[in-house]
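J.: The structure is given below, and queries will be raised subsequently.
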Amino acid sequence: MFDFLEGYDVLGAFWMTVKLTVLSAVGSLVWGTLLASMRVSPVPLMRGFGTAYVNLVRNTPLTVIILFCSAGLADQFGVTLGSEDFKVQGFRLAVLGLVAYTAAFVCEALRSGINTVPLGQAEAARAIGLSFSQTLRLIVLPQAFRAVIGPLANVLIALTKNTTVAAAIGVAEAAYLMKSMIENEAQTLLVGAVFAFGFVVLTLPTGLILGWLGKRLAVKR
Amino acid sequence: MSSVLYDTPGPRAKWRNVAFSVVFFVLLALLLWWLWRAMDDKGQLSSAMWKPFSESEAWTTYLLPGLADTLKAAALAMVIALPLGAVFGIARLSDHRWVRAVSGTVVEFFRAIPVLLLMLFANEFYARSTNVGSADRPLYAVVTGLVLYNAAVLAEIVRAGILSLPRGQTEAAHAIGLRKGQTMSSILLPQAVTAMLPAIVSQLVVIVKDTALGGVMLGFTDLLNSRGTLAANYANVIPSFIVVAAMYIVLNFLLTSFAGWLERYLRRSKRSTGAVLGAEDMEELNPAGTAGTFGAGAGAGGSI
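Protein chains in written order, with the UniProt record's numbering: chain A, 1 to 221; chain B, 1 to 304.
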């Protein structure tokens, strides 16, 4: 029944999806945290930059960003990201696009986490004589991090699904393989089911585990 | 300006902020200057590259028809997905366990898989099993993929909308002798639809963004696809990207602002029960089951 799988590297394609997801997740966490710290900083210019970035990137389709990385950055400006190999280059460009896009959502998730901490917490901390860094380290950030797990899990799941957009610039991940398999094989439904199952396996545990963790650690107010 | 992170700045903090502002401004200016130089070096700022956008041909032949197709696909997807989503959302609140189980499984399944997979599958399905012409097929495939995915998302919005209403509404309806179906159709749904409006408009942004996938992967003649033909014709890749991205951004920004305005308006208005489901709530109402107030919903959604 599953002999149509022969000759195709389905696991390899999903491994590519996982690699895209993990690298983009790490990258967007770093860049998103930087953006979030700009958006909540006391410096108006930094706040303005953060807000502008988030609003511009959030409203642009990911497909446009990723396509721009390939057709614009690589083809027009010669950005090769340190590799002459076309495949490696495509992969890195896809990660770059995914990071640029996902960071805006990471930033918003982090900011909403900080916003869940009531102002009174910081005021009380200052009232008992804690310094700025103590307030941040002992009072605000522990509460904010715990509130942020749920929203970040969401972003991670969406990112996993969004890696399929990399197929638009020829990165050989799951959707790219599915496109050629579904055109060449007779069992349309089975091919679709195999790939759908793969994504359910990738996203469902992430959602369940991080969701459970987020709920367990959330500060009860 | 005071926040949970810092107090209203005193004299020293004000100076520090000014210093940071100056440093950041210099860095930003350097970055912009560098970008400008890079563009200039590659001749991307020459008037020949940008001139097409000041003439009507580029707009009437490429960009506006593309935008029309994008809007058509998004509107069709929303109009078809909304009733489907309502059915599944209500079914997930059913008193019968098997109805809840079946609709819950369907919703979680379609939320867990990428919309691109659904589009690719729909495209192949239409090619093999129906007589939809090859010219119409991309539109059909894009709309089908979007409908399947967004019906599942909208089902969650509908469910959350109904659950966000005060319990007293159901109790009062039962008390005056309405049946289950009557309670749903004449008491809960009308209020829930109002509460859901901002979330639905926000979802429209996600739909508009996802139509671009069809443009690249299925050859659907949307805005992003017509950018390709335009750039091939005028040889202006970078300017065409900038213009098309700006069009998407303006369109989606208008939708987002409208959703925000709608949310504030509904929160202010005194005629409702005050239950409003905004974009922020939708982020809370996440697949991961952290949707505290909205009850358990385990699965994998997350649409950004």
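In this text, a Cβ means the ideal position worked out from N, Cα and C, and glycines have one as well.
#1: Can you check whether the CB of B/Leu218 is closer than 8 Å to the CB of A/Ile182?
#2: Mind checking if A/Gln121 is an interface residue toward chain B, Cβ cutoff 8 Å exclusive?
#3: If we call anything under 8 Å between Cβ atoms a contact, is residue 354 of chain B one with B/Ala195?
#4: Can you list, in chain order, the residues of the segment 119–139 of chain B whose Cβ is nearer than 7 Å to any Cβ on chain A?
#5: Along the segment 149–180 of chain A, what residues have a CB closer than 9 Å to any CB found in chain B?
#6: Between the segment 89–100 of chain A and the segment 237–249 of chain B, do at least 3 Cβ pairs fall closer than 8 Å?
#7: Is the distance from the Cβ of B/Val237 to the Cβ of A/Ala144 below 8 Å?
#8: Roughly how many whole angstroms lie between the Cα atoms of B/Ile187 and B/Arg159?
#9: Look at the alpha carbon of B/Val143 and the alpha carbon of B/Ser94, and state the distance between them as a whole number of angstroms.
#10: Give me the subset of the segment 132–145 of chain A whose CB atoms are less than 8 Å from a CB atom of chain B, sorted by chain position.
#11: Evaluate contact between the segment 98–105 of chain A and the segment 120–132 of chain A, counting only Cβ atoms and requiring at least three cross-stretch pairs below 8 Å.
#12: Would you report the Cα separation of B/Phe258 and B/Val201, rounded to the nearest angstrom?
#13: If we count the other Cβ atoms within 10 Å of its Cβ and call it buried at 16 or more, is A/Ser28 buried or exposed?
#14: Give the secondary structure of A/Gln187 by DSSP, where H, G and I count as helix, E and B as strand, and everything else as coil.
#15: Under 8 Å Cβ to Cβ from A/Gly211, same chain only, skipping five residues before and after it: list those, please.
#16: Ignore the nearest five residues each way along the sequence and tell me which others in B/Thr293's own chain have a CB closer than 6 Å to its CB.
#17: Indicate, with yes or no, if the ligand NAD has a heavy atom lying under 7 Å from the CB of A/Val10.
#18: Check whether the Cβ atoms of A/Phe199 and B/Pro114 sit closer than 8 Å, and answer yes or no.
#19: Given this structure, state the Cα-to-Cα distance separating B/Thr70 from B/Val206, to the nearest angstrom.
#20: DSSP state of B/Gln182, grouped into three classes?
#21: Residues in its own chain within less than 8 Å of A/Gln187 by CB, not counting five upstream and five downstream?
#22: Going by the beta-carbon positions, is the gap between A/Thr164 and A/Ala175 smaller than 8 Å?
#23: Between A/Val64 and B/Ala212, which are expected to be in contact by the criterion C-beta below 8 Å, what is the C-beta distance as a whole number of angstroms?
#24: Since I believe A/Leu138 is in contact with A/Ala13 (beta carbons under 8 Å), could you give me their beta-carbon distance rounded to a whole number of angstroms?
#25: For B/Leu224, return the contacting residues in chain A, with the cut-off set at a CB-CB distance below 8 Å.
#26: From B/Asn286 to B/Leu154, what does the alpha carbon distance come to, in whole angstroms?
#27: Taking the C-alpha atoms as reference points, what is the distance between B/Thr290 and A/Gly214?
#28: Assuming B/Val4 contacts A/Val117 under a Cβ cut-off of 8 Å, what Cβ separation, rounded to an integer in Å, is found between them?
#29: Is the Cβ of B/Asn17 closer than 8 Å to any Cβ of chain A?
#30: Here's a check: name, in chain order, each residue in its chain whose Cβ is nearer than 6 Å to the Cβ of B/Gly89, leaving out the five neighbours to either side.
#31: Apart from the five residues on each side of it in sequence, which residues of its chain come closer than 7 Å, Cβ to Cβ, to B/Leu116?
#32: Expressed to the nearest angstrom, what Euclidean distance is found between the alpha-carbon atoms of B/His96 and A/Val40?
#33: Note down, in chain order, every chain A residue with its Cβ under 9 Å from the Cβ of B/Lys51.
#34: With DSSP collapsed to three states, give me the class of B/Gln44.
#35: Would a C-beta distance cut-off of 8 Å place A/Asn59 and B/Asn123 closer than the cut-off?
T.: Quick answer:
#1: no
#2: A/Gln121 counts as touching chain B.
#3: This structure leaves residue 354 of chain B out entirely; chain B is present only between 1 and 304.
#4: Leu120, Phe121, Glu124, Phe125, Arg128
#5: Those would be Ile149, Gly150, Pro151, Ala153, Asn154, Val155, Leu156, Ile157, Ala158, Leu159, Thr160, Lys161, Asn162, Thr163, Thr164, Val165, Ala167, Ala168, Ile169, Ala174, Ala175, Met178, Lys179, in chain order.
#6: No: fewer than three Cβ pairs fall under 8 Å.
#7: no
#8: 15 Å
#9: 28 Å
#10: Phe132, Leu136, Val140
#11: no
#12: Roughly 8 Å separates the two Cα atoms.
#13: buried
#14: coil
#15: Result list for A/Gly211: Gly150, Ala153, in chain order.
#16: Per-residue confidence for B/Thr293 stands at a pLDDT of 28, beneath the threshold of 50, marking its modelled position as unreliable; no derived number is given.
#17: What this structure holds is no ligand at all, so the ligand NAD is not there to describe.
#18: yes
#19: 12 Å
#20: helix
#21: Phe4
#22: yes
#23: 6 Å
#24: So it is not a contact: roughly 46 Å between Cβ atoms.
#25: Pro61, Thr63, Val64, Leu67
#26: Summary for B/Asn286: the model assigns pLDDT 40, below 50, so the residue's position carries little reliability, and this model does not support an answer.
#27: Residue placement at B/Thr290 is flagged as unreliable, the pLDDT there being 29, under the threshold of 50; the coordinate-derived value follows with that caveat. Spanning the two alpha carbons is a distance of roughly 7 Å.
#28: 5 Å
#29: yes
#30: Ala155, Val158, Arg159
#31: Leu213, Met217
#32: The straight-line gap from Cα to Cα measures roughly 47 Å.
#33: Per Cβ cutoff of 9 Å: no residues; B/Lys51 is ~18 Å from chain A at best.
#34: coil
#35: no
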